[in-house]
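Novice: Please find one structure pasted underneath; my questions will follow.
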Ligand SMILES: Nc1ncnc2c1ncn2[C@@H]1O[C@H](COP(=O)(O)OP(=O)(O)OP(=O)(O)O)[C@@H](O)[C@H]1O
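Numbering (my numbering), first residue to last: 146 to 634.
Structure, rendered in structure tokens:
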């Protein structure tokens with residue numbers, strides 16, 4: 146569709162962009178990224194013919210762009226420049242209508258039904274129909290930006306070149322506009338090349354990204370190939386961390402501020418875990434990085450408070466999450482800062498212990514109700530009742546865990562729990578085989594993220610050894626306490 150071969154050019158003798166080559170397919174969205182002054186706008190200006198090039202070619206549909214007349218070119222390519230000059234006062238609709246000029250012919254060009262439709266559609270796509278009779282200078286910066294995007298869309302060219310289309314737009318309008326542009330690409334086959342400053346937006350909306358660095362291409366490829374910590378750090382000279390988008394297979398990046406004060410994270414100790422009649426809780430001074438399968442605030446996050454709440458065996462509110470939130474709030478636990486679990490086990494049977502190693506320490510908390518123990522290899526048994534049974538395990542680490550270490554800590558803790566079930570000879574009441582856990586066990590791993598870096602947590606590592614030993618130890622003790630309370634022993 147569009148082939149750029151070895152273009153070099155700029156504003157004077159010294160070229161700004163050097164030997165740039167890439168191609169864009171029909172219906173593809175290519176994002177151009179790069180630091181300030183890296184040549185993004187200059188590249189777009191050369192491709193759109195606004196700036197002459199010193200060497201290289203731009204081909205559109207297999208033809209050199211130079212062979213097209215100005216109007217022919219405008220029927221092929223619509224351009225949204227970075228800055229808009231509008232010397233004359235126009236209404237919004239008149240401004241958008243200027244996008245139709247390449248479709249007018251003859252000296253006294255007539256306004257056709259097609260023109261009217263294209264303009265009205267562009268006004269609707271950009272959500273500015275209600276301003277159509279307003280003078281453009283009376284609009285806000287963001288509203289004006291949408292008018293110029295509408296003008297480019299009204300041109301109905303198969304190629305759209307956009308320089309920072311979301312400039313001035315609030316997040317809802319950024320989303321709306323980029324959704325519109327993406328839909329034009331997917332449904333109408335429009336080819337889009339767009340300059341972005343926001344790396345995350347570019348990743349979300351573009352098929353491929355071209356990263357500029359000092360007038361040259363640093364890398365061009367899929368978002369996951371381009372948005373890599375080392376590449377972004379070296380081109381932008383910024384410290385970043387990348388992670389997947391929570392809902393889409395698109396990488397996202399987060400800045401790591403250099404100005405973060407090195408906060409002294411107080412070490413969490415066994416004595417910080419408080420056992421009351423209706424819950425086991427920990428209130429840490431600073432938030433801990435946490436992964437859990439809790440009822441309240443499950444998943445990954447940073448939390449300061451942790452609650453393992455005792456509920457009656459027949460606890461069955463219509464909305465468990467809402468009831469739990471109410472419970473936490475009544476006890477002064479900040480809802481957005483607390484992870485909350487539940488158990489029918491009485492809190493006096495909670496086992497808490499601290500295990501110290503060279504790197505720091507691990508505090509383990511376990512409550513084990515093994516009435517509804519399950520042999521997980523027999524989980525498909527057709528007579529299996531749906532009964533709740535809970536072993537709740539906390540692993541609190543005074544150390545700095547990698548993502549892998551969090552996952553390995555969960556594996557190690559689960560294996561240790563299963564081994565404790567074996568040692569205590571806990572059977573699945575349905576099958577009579579040794580149980581591996583219960584039906585609704587919950588696990589939490591939280592770490593202070595200070596001190597020594599702990600890349601792994603399998604049983605070969607000092608951290609994994611403490612977790613394995615500690616979870617096994619506490620689970621055996623918790624099961625023993627449970628058995629005693631139930632009169633099993
Ligand atoms: N009209 C101009 N005349 C002369 N030099 C220019 C002109 N416009 C830009 N430049 C220079 O060209 C270089 C690249 O500018 P360009 O606008 O292409 O960068 P950019 O990557 O789009 O930057 P930004 O992210 O700040 O928009 C800069 O060093 C700039 O000073």
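All C-beta atoms, glycine included, are put in the ideal place defined by N, C-alpha and C. Remember, it's a predicted structure, so these values are computed and weren't measured experimentally.
Heavy atom of ligand 1 less than 8 angstroms from the Cβ of residue 519, yes or no?
Specialist: Not under cutoff, so the answer is no.
Novice: Along the chain, where does the beta strand (DSSP E) containing residue 388 start, and where does it finish?
Specialist: Note, residue 388: beta strand (DSSP E), 385 to 389.
Novice: Suppose the cutoff is 6 angstroms on Cβ atoms and the five residues either side in sequence are ignored; what does the same chain contact list for residue 541 look like?
Specialist: Around residue 541: 413, 508 and 591.
Novice: Am I right that residue 162 and residue 191 are in contact with their C-beta atoms under 8 angstroms? What's the rounded C-beta distance?
Specialist: Contact holds; Cβ gap of about 7 angstroms.
Novice: Whole angstroms are fine: how far does the CA of residue 581 sit from the CA of residue 519?
Specialist: Each residue's Cα considered, the two are about 6 angstroms apart.
Novice: For ligand 1, is there a heavy atom less than 8 angstroms away from the beta-carbon of residue 161?
Specialist: Residue 161 Cβ: within cutoff of ligand 1.
Novice: Closest Cβ-Cβ distance between residue 600 and chain C: below 9 angstroms?
Specialist: The structure shown contains no chain C; it is built from a single protein chain.
Novice: With a threshold of 8 angstroms (Cβ to nearest heavy atom), would residue 396 be considered close to ligand 1?
Specialist: No.
Novice: Report yes if the C-beta of residue 691 is less than 8 angstroms from at least one heavy atom of ligand 1; otherwise report no.
Specialist: The chain is shown from 146 up to 634; residue 691 falls before or after that span and cannot be answered.
Novice: Taking the C-alpha atoms as reference points, what is the distance between residue 422 and residue 433?
Specialist: For residue 422 and residue 433, the distance between alpha carbons rounds to 25 angstroms.
Novice: As a quick exercise: from 438, 439, 441 and 418, pick the residue whose alpha carbon is nearest that of residue 104.
Specialist: Shown here, the chain extends from 146 to 634; a query on residue 104 therefore has no answer.
Novice: Go ahead and pull the three-state DSSP assignment for residue 243.
Specialist: Three-state DSSP puts residue 243 in a helix.
Novice: State the DSSP-derived secondary structure class of residue 287, mapped to helix, strand or coil.
Specialist: Residue 287 falls in the helix class under three-state DSSP.
Novice: For the stretch 551 to 561 against the stretch 604 to 615, do three or more pairs of beta-carbon atoms, one drawn from each stretch, fall closer than 8 angstroms, so that the two count as touching?
Specialist: Yes, they touch.
Novice: To the nearest angstrom, how far is it from the Cα of residue 679 to the Cα of residue 146?
Specialist: The chain is shown only over 146 to 634; residue 679 falls outside these bounds and no answer can be derived.
Novice: Grab the span of the beta strand (DSSP E) containing residue 397 for me, first residue to last.
Specialist: Element bounds for residue 397: 396 to 400.
Novice: So the beta strand (DSSP E) residue 537 belongs to, where does it begin and stop?
Specialist: Run containing residue 537: 536 to 543, per the beta strand (DSSP E) assignment.
Novice: Tell me whether residue 393 sits in a helix, a strand or coil according to DSSP, three-state version.
Specialist: Here residue 393 sits in coil by DSSP.
Novice: For ligand 1, is there a heavy atom less than 8 angstroms away from the beta-carbon of residue 185?
Specialist: Flag set: Cβ of residue 185 near ligand 1.
Novice: DSSP on residue 303, reduced to helix/strand/coil?
Specialist: If DSSP states are grouped into helix, strand and coil, residue 303 belongs with coil.
Novice: Let me know if residue 445 comes out buried or exposed under the rule of 16 or more other beta-carbons within 10 Å of its beta-carbon.
Specialist: Exposed, by the Cβ-count rule.
Novice: Could you tell me how far apart the beta carbons of residue 578 and residue 513 are, in whole angstroms, since I believe they sit closer than 8 angstroms?
Specialist: Their Cβ separation, rounded to whole angstroms, is 19 angstroms, which puts residue 578 and residue 513 out of contact at 8 angstroms.
Novice: Give a single yes or no on whether residue 244 has its beta carbon closer than 8 angstroms to a heavy atom of ligand 1.
Specialist: For ligand 1, not one heavy atom lies less than 8 angstroms from the Cβ of residue 244.
Novice: Can you check which of these residues, 504, 303 and 403, is closest to residue 221 by C-alpha distance?
Specialist: Looking at the Cα atoms, 303 is the closest of the given residues.
Novice: Closer than 6 angstroms by C-beta to residue 226: which residues in its own chain qualify, once you throw out the five before and the five after it? Chain order, please.
Specialist: Contacts found: 308.
Novice: Just to confirm, does residue 346 get its C-beta within under 8 angstroms of one of the non-hydrogen atoms of ligand 1?
Specialist: Not under cutoff, so the answer is no.
Novice: Rounded to a whole number of angstroms, what is the C-alpha to C-alpha distance between residue 334 and residue 256?
Specialist: For residue 334 and residue 256, the distance between alpha carbons rounds to 26 angstroms.
Novice: How about the stretch 169 to 181 and the stretch 338 to 357: do they share at least three Cβ pairs that are nearer than 8 angstroms?
Specialist: Yes: the two stretches touch, three or more of their Cβ pairs being nearer than 8 angstroms.
Novice: Quick one: residues in its chain with C-beta nearer than 8 angstroms to the C-beta of residue 457, no 5 flanking neighbours on either side, listed in chain order?
Specialist: Correct list, in chain order: 489.
Novice: In terms of residues, what are the limits of the alpha helix (DSSP H) holding residue 336?
Specialist: Unbroken run through residue 336 is the beta strand (DSSP E), 336 to 340; no alpha helix (DSSP H).
Novice: Where DSSP assigns a beta bridge to residue 519, which residues make up the other side?
Specialist: According to DSSP, which records beta bridges pairwise, residue 519 is partnered with 582.
Novice: Only counting the same chain, and skipping five residues up and downstream in sequence, which positions put a Cβ closer than 8 angstroms to that of residue 495?
Specialist: Within the same chain, residue 495 has close Cβ partners 420, 425, 453, 510, 511, 512 and 623.
Novice: Counting pairs of Cβ atoms below 8 angstroms between the stretch 374 to 384 and the stretch 357 to 366, do you hit three or more?
Specialist: Taking 8 angstroms as the limit for Cβ pairs, the verdict is that the stretch 357 to 366 does touch the stretch 374 to 384.
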